[in-house]
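K.L.:
What follows is a structure written as C-alpha cells; I'll ask about it next.
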Amino acid sequence: MGTAQIGPGDYSQVPNPEQALKYAIQHIAGERVEIIEGVITPVSPSWAHERATALIGKQLGRRMDELGLLAGSGNLDLPGTQNFYLPDMAVLPEELFESEGALLPDQTLLVVEVTSPSNADTDRTVKRRRYAQFGAPLHLLVDRQEGACTLFSQPGELGYTRVEGPHPFGLPVRLPEPFEVDLDTTRF
14 MGTAQIGPGD YSQVPNPEQA LKYAIQHIAG ERVEIIEGVI TPVSPSWAHE
64 RATALIGKQL GRRMDELGLL AGSGNLDLPG TQNFYLPDMA VLPEELFESE
114 GALLPDQTLL VVEVTSPSNA DTDRTVKRRR YAQFGAPLHL LVDRQEGACT
164 LFSQPGELGY TRVEGPHPFG LPVRLPEPFE VDLDTTRF
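Numbered by my numbering, the letters in the sequence shown go through residues 14 to 201 in order.
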C-alpha cells in the first residue's frame with residue numbers, strides 16, 4: 014500500500030494549511046524568508062538598505078531607552094492570512110522580546126519598511142494595507158527608489174486614515190507619540 018499523495022492545490026488532507034506553511038518557513042535552515050500573500054520570499058537586504066534602518070535605530074536610541082522599547086526584525090504573523098512578515102524594523106516594548114514565537118502588528122509601536130528594487134511595490138501597497146488591517150499604529154515607509162519617506166498612522170480595516178508625506182529625503186519626518194522625535198532623513 015502506498016501513501017496518499019497531495020496534489021497541487023489539494024489541501025484537503027492538510028489540517029491547517031496556513032499554520033503548516035508558517036511553521037515550515039520558520040524551519041528553513043540558514044534562510045530568512047517571509048510570506049507575502051501566499052508567496053514565500055527570501056529576505057536578503059543590501060548594505061544600503063540596512064543603512065537606512067540602522068540610521069533610524071540610532072536616532073530613536075535614547076527615546077527607546079526612556080520608554081523601555083527595543084527595535085528588531087523578528088517575525089510578525091497576520092493570522093487568518095497567508096502572510097508572515099519580517100519587517101526591516103519593528104519597535105516594541107522590551108518585554109515582548111522574550112517571545113520565541115511570532116508577534117502581531119498591533120503589538121508594535123512602529124513598523125519600518127525600507128524598499129529595495131525587488132520589493133518596492135510590495136512594501137508600498139501590500140504590506141502597508143496589511144499592517145493597517147492588523148493594527149500597527151505607525152508605519153514608516155522609507156522609499157529608497159523614490160527618495161522619500163511616508164508615515165502612515167491611524168490604522169483601520171481599509172487602510173491607514175492618516176498619511177504624512179511623501180517627504181523627500183533631506184526633510185525631517187516627525188514621529189508622533191510616544192516617540193516625539195524628528196527623524197533626519199538626509200543620509201537615507
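Backbone N, C-alpha and C define an ideal beta-carbon position, used for all residues, glycine too.
All values derive from a computational prediction rather than experimental measurement.
Kindly indicate which three-state DSSP category G172 falls into: helix, strand or coil?
P.N.:
Note: G172 maps to strand in three-state DSSP.
K.L.:
I need the straight-line Cα distance from Q18 to P30, nearest angstrom please.
P.N.:
At Q18, the pLDDT of 49 sits below 50, so the modelled position is not reliable and the matter cannot be decided from this model.
K.L.:
Looking at C-alpha atoms only, which residue of F97, A37, E193, I41 is the closest neighbour of R143?
P.N.:
Here the closest residue by C-alpha is F97.
K.L.:
Below 7 Å CB to CB, which residues in the same chain sit around E107 once its five sequence neighbours on both sides are set aside?
P.N.:
Excluding residues within five positions, the ones whose Cβ falls inside 7 Å are G81, L82, L83.
K.L.:
Along the alpha helix (DSSP H) that carries H62, what are the first and last residues, could you check?
P.N.:
Residues 60 to 80.
K.L.:
Closer than 8 Å is the cut-off here; do at least three beta carbon pairs connect the region 37 to 44 with the region 128 to 137?
P.N.:
Not touching, per the Cβ criterion.
K.L.:
Do P58 and D101 have their CB atoms nearer than 8 Å?
P.N.:
Yes.
K.L.:
Going along the chain, which residues of its own chain have a beta-carbon closer than 7 Å to the beta-carbon of Q95, five neighbours each way excluded?
P.N.:
The answer, listed in chain order, is E31, L34, I48, E50, G51.
K.L.:
With a threshold of 16 other CB atoms inside 10 Å of the CB of L123, please say whether the residue is buried or exposed.
P.N.:
Buried, by the Cβ-count rule.
K.L.:
Give a yes or no on contact between the region 68 to 78 and the region 190 to 198, applying the rule of three or more CB pairs nearer than 8 Å.
P.N.:
Flag = yes, the region 68 to 78 and the region 190 to 198 touch.
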